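Okay, so here's the structure we're looking at.
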Ligand code: GLN
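Numbering (my numbering), first residue to last: 3 to 549.
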């Protein structure tokens, strides 16, 4: 029988509920259990696909093509369990499906209400899935007290009543602010947060408290008394050097033991934490370092490139190297002195993005990387810009551009080496798109196979001729330009299975120049770094030794 663990947050947001859930998932796996993690987001968007990365950070794409919250990336990175579309929901999605049922007549005769109709839909989402899973971890987005969150809290309260004894466990994550002047940790905000939870019928079994310092025994007892939990179930979450230390740190704090005790489960085995010990060793004692510039559009918010940042760290771990990441706004490269801005970096990465702003700066950065033999990795928009750069400066197509940036309004005349993708094969099914289609969920999304060219660099990097990577794009490099670009020394080294869609672009005469239409960063894990990122950091390391 699956046990349900609900993780809620209080006091302030950004305390790391996602990482906490992911770490607990990793610890349960290390004890031999199976887990799934789900994220319930109270916002009204149907999914984060149409939200600005500045608003919400990265959109994490699953194999089955869902555009989800970035926390699903943490879950995958920590547990190695591939997330699915059915692991992520928002109020928008819940309400859409309730309203669709209402229109269909499913509730005929009834008045539709938050309780029970919306809460039933939330419970259905939580309950759906494989009941052979030992633990289902459900993280509720936002903090207790948010208006949008109420139906979710009510739904998990009801589940707590409906499941068998010891079928559910509630974890509440809060902050213990440290007052430097008096040298004290303050418990009051946590007390208030738990009071708020209890006022809606939820009593936490375990409190996890973010703190800068160890929680003194006296404060633990106070928290336990006022919040009605056992002192041993007050678990500190101390600030760490790296997020990848979290599973070990939580284990030392007794989190997994507390969870099993509350659920009255006799542990199967001692946890096998060797994986996480190895990860920690690699991350805290690197033997070298490289400096990598990421030239992107959303660089003010590192969360906008969360998986890229983590995948670079993993690439560093594979090479026992610390990766110093420098986030550069591509707009600054449009008028600035590119050589001065980019000198001193061991490699350049141009990530994905949407819209024209900053793309000419990306093209200038790519030109610098190509002509100065600096290792380069282009991802999605980064690959498209690399093809435009090569079209303009190698193949002499001076007005090469992307249909994404030329439209009815600006009437730009371009040679569209990157065009709006109107049809593609998903397995044997033909998918078609029009520019007038609605925006939500209509890109080429999710995992697709690609075939790698014999003798190419990517073929060597992957060590196989067929790969499967996740996509999220509306535009595509036009296969029509393959011939002309290859005449000028580049290679389309990866193609979709039907040979129609360029997936990888590389320049063999360059030390390391690869652009990919997909998002390899989404599949990188600390204990299994993605081969492209390992090879990219390795190339950066060789570059750093040249200088
Ligand atoms: N904007 C480009 C497209 O839609 C690239 C997308 C991306 O970088 N994820 O094709």
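Ideal placement from N, C-alpha and C gives every residue a C-beta, glycine not left out. Quick caveat: nothing in here was measured; it's all calculated off a predicted structure.
Any chance you could list the alpha helix (DSSP H) runs of at least 4 consecutive residues sitting entirely within the region 464 to 524, in chain order?
484 to 489
Residue ranges of each beta strand (DSSP E) within the region 38 to 123, 3 or longer
90 to 92
Measuring only between beta-carbons, confirm whether residue 136 sits less than 8 Å from chain C.
The structure shown has no chain C; it contains just one protein chain.
Please state whether the Cβ-Cβ distance between residue 113 and residue 153 is less than 8 Å.
Sequence index remark: in the chain shown, residue 113 carries index 111 (1-based). Sequence index remark: in the chain shown, residue 153 carries index 151 (1-based). Cβ atoms of residue 113 and residue 153: not closer than 8 Å.
Does DSSP put residue 238 in a helix, a strand or coil?
Locating residue 238 in the chain shown gives position 236, counting from the first residue. Correct three-state label for residue 238: strand.
Straight-line gap, residue 422 to residue 479 (C-alpha atoms, nearest Å)
Along the chain shown, one-based indexing puts residue 422 at 420. Along the chain shown, one-based indexing puts residue 479 at 477. Cα-Cα distance, rounded: 9 Å.
Coil, strand or helix - residue 151 by DSSP:
Within the chain shown, numbered from 1, the residue matching residue 151 stands at position 149. The answer is coil: DSSP assigns residue 151 none of H, G, I, E or B.
Proximity below 8 Å, CB of residue 303 to CB of residue 529:
As a working mapping, residue 303 is identified with position 301 in the chain shown. As a working mapping, residue 529 is identified with position 527 in the chain shown. No. Outside cutoff.
Which value, in whole angstroms, describes the spacing of the CA atoms of residue 293 and residue 169?
To locate residue 293, count along the chain shown from 1; it is residue 291. To locate residue 169, count along the chain shown from 1; it is residue 167. Spanning the two alpha carbons is a distance of roughly 49 Å.
Just the Cα atoms here: how many angstroms apart are residue 305 and residue 194?
Here residue 305 corresponds to residue number 303 of the chain shown, with the count starting at 1. Here residue 194 corresponds to residue number 192 of the chain shown, with the count starting at 1. Using only the alpha carbons, I get a separation of about 29 Å.
Using a Cβ-Cβ cutoff of less than 8 Å, which residues in the same chain neighbour residue 543 once the five nearest sequence positions on both sides are dropped?
Counted from its first residue, the chain shown places residue 543 at position 541. Here the set comprises 290, 292, 321, 323, 348.
Roughly how far, in whole angstroms, is the beta-carbon of residue 310 from the beta-carbon of residue 296, given that I think they are within contact range, below 8 Å?
Taking the chain shown and counting its residues from 1, the one referred to as residue 310 is at position 308. Taking the chain shown and counting its residues from 1, the one referred to as residue 296 is at position 294. Rounded, the Cβ-Cβ distance is 7 Å, consistent with contact.
What residue range does the beta strand (DSSP E) around residue 212 cover?
Here the question's residue 212 lines up with position 210 in the chain shown. Looking at the DSSP string, the run of the beta strand (DSSP E) that includes residue 212 is 208 to 213.
Taking the alpha carbon of residue 395 as the reference point, which residue from 352, 490, 405 has its own alpha carbon closest?
Here residue 395 refers to the residue found at position 393 when the chain shown is read from its first residue. Cα-wise, what sits closest to residue 395 is 490.
Compute every distance between the C-beta of residue 475 and the non-hydrogen atoms of the ligand GLN, then say whether any falls below 7 Å.
The residue given as residue 475 occupies position 473 in the chain shown. Answer for residue 475: yes, Cβ within range of the ligand GLN.
Distance between residue 86 and residue 46 (C-alpha atoms, nearest Å)
As a working mapping, residue 46 is identified with position 44 in the chain shown. As a working mapping, residue 86 is identified with position 84 in the chain shown. In a straight line, the C-alpha of residue 46 is about 20 Å away from that of residue 86.
Pick from 151, 406, 219, 455: whose alpha carbon is nearest that of residue 357?
On the chain shown, position 355 is the one that residue 357 refers to. Among 151, 406, 219, 455, the Cα nearest to that of residue 357 belongs to 406.
At a cut-off of 7 Å, is residue 2 close to the ligand GLN when judged by its beta-carbon and the heavy atoms of the ligand?
The displayed coordinates of the chain run from 3 to 549. Any statement about residue 2 would go beyond what the structure contains.
Please name the residue in 105, 481, 465, 40 whose C-alpha comes closest to that of residue 92.
By one-based count along the chain shown, residue 92 stands at place 90. Minimum Cα distance to residue 92 is reached at 40.
Any chance you could list the beta strand (DSSP E) runs of at least 3 consecutive residues sitting entirely within the region 304 to 388, in chain order?
323 to 331, 349 to 352, 378 to 381
Cut-off 7 Å between Cβ atoms - residues of its own chain near residue 25, not counting five sequence neighbours on either side:
Numbered from 1 along the chain shown, position 23 holds the residue referred to as residue 25. Closer than 7 Å at the Cβ level, and outside the excluded window around residue 25, lie 80, 248, 249, 252.
Please name the residue in 370, 445, 497 whose C-alpha comes closest to that of residue 469.
Translated into the one-based positions of the chain shown, residue 469 becomes position 467. Of the candidates 370, 445, 497, the one whose C-alpha sits nearest the C-alpha of residue 469 is 497.
In three-state terms, what does DSSP make of residue 533?
What you label residue 533 is simply residue 531 of the chain shown in a count that begins at 1. Here residue 533 sits in helix by DSSP.
Would you give the residue range spanned by the beta strand (DSSP E) that residue 418 belongs to?
On the chain shown, position 416 is the one that residue 418 refers to. Run containing residue 418: 417 to 422, per the beta strand (DSSP E) assignment.
Bridge partners - residue 187, DSSP secondary structure assignment:
Start at 1 with the first residue of the chain shown, and residue 187 comes out as number 185. Answer is 180.
Span separating the alpha-carbon of residue 503 from that of residue 452:
Locating residue 503 in the chain shown gives position 501, where the first residue counts as 1. Locating residue 452 in the chain shown gives position 450, where the first residue counts as 1. Rounded to the nearest angstrom, the two C-alpha atoms are 9 Å apart.
Have a look at 261, 326, 318, 241 and flag the residue whose alpha-carbon is nearest the alpha-carbon of residue 178.
Along the chain shown, one-based indexing puts residue 178 at 176. For the residues 261, 326, 318, 241, the minimum Cα distance to residue 178 belongs to 241.
Once the 5 residues before and after residue 33 are set aside, which same chain residues still bring their CB inside 7 Å of it?
As a first step, residue 33 must be located in the chain shown, where it is residue number 31. Contacts found: 258, 269, 270, 271, 273.
At least three beta-carbon pairs within less than 8 Å, the region 159 to 176 to the region 53 to 67
no
For the ligand GLN, I want to know if residue 356 counts as a neighbour, meaning its beta carbon is within less than 7 Å of at least one of the ligand's heavy atoms.
For this step, residue 356 is matched to residue 354 along the chain shown. Yes, the beta carbon of residue 356 sits closer than 7 Å to at least one heavy atom of the ligand GLN.
Exposed or buried, residue 3, counting other C-beta atoms within 10 Å across all chains shown (16 or more means buried)?
Taking the chain shown and counting its residues from 1, the one referred to as residue 3 is at position 1. That one is exposed.
Is it true that the CB of residue 367 sits closer than 8 Å to the CB of residue 350?
Here residue 350 refers to the residue found at position 348 of the chain shown. Here residue 367 refers to the residue found at position 365 of the chain shown. The answer is yes: Cβ separation under 8 Å.
Going along the chain, which residues of its own chain have a beta-carbon closer than 8 Å to the beta-carbon of residue 465, five neighbours each way excluded?
Taking the chain shown and counting its residues from 1, one reaches residue 465 at position 463. Closer than 8 Å at the Cβ level, and outside the excluded window around residue 465, lie 533.
Could you check which residue in 181, 212, 175, 276 has the C-alpha nearest to that of residue 196?
Your numbering for residue 196 matches position 194 in the chain shown. Nearest of 181, 212, 175, 276 to residue 196, Cα basis: 175.
Does residue 19 come out as helix, strand or coil in the three-state DSSP assignment?
For the purposes of this step, residue 19 is taken as residue 17 along the chain shown, with counting starting at 1. It is helical.
Quick one: Cα of residue 88 to Cα of residue 371, how far?
If you number the chain shown from 1, residue 88 lands on position 86. If you number the chain shown from 1, residue 371 lands on position 369. Rounded to whole angstroms, residue 88 to residue 371 spans 41 Å at the Cα level.
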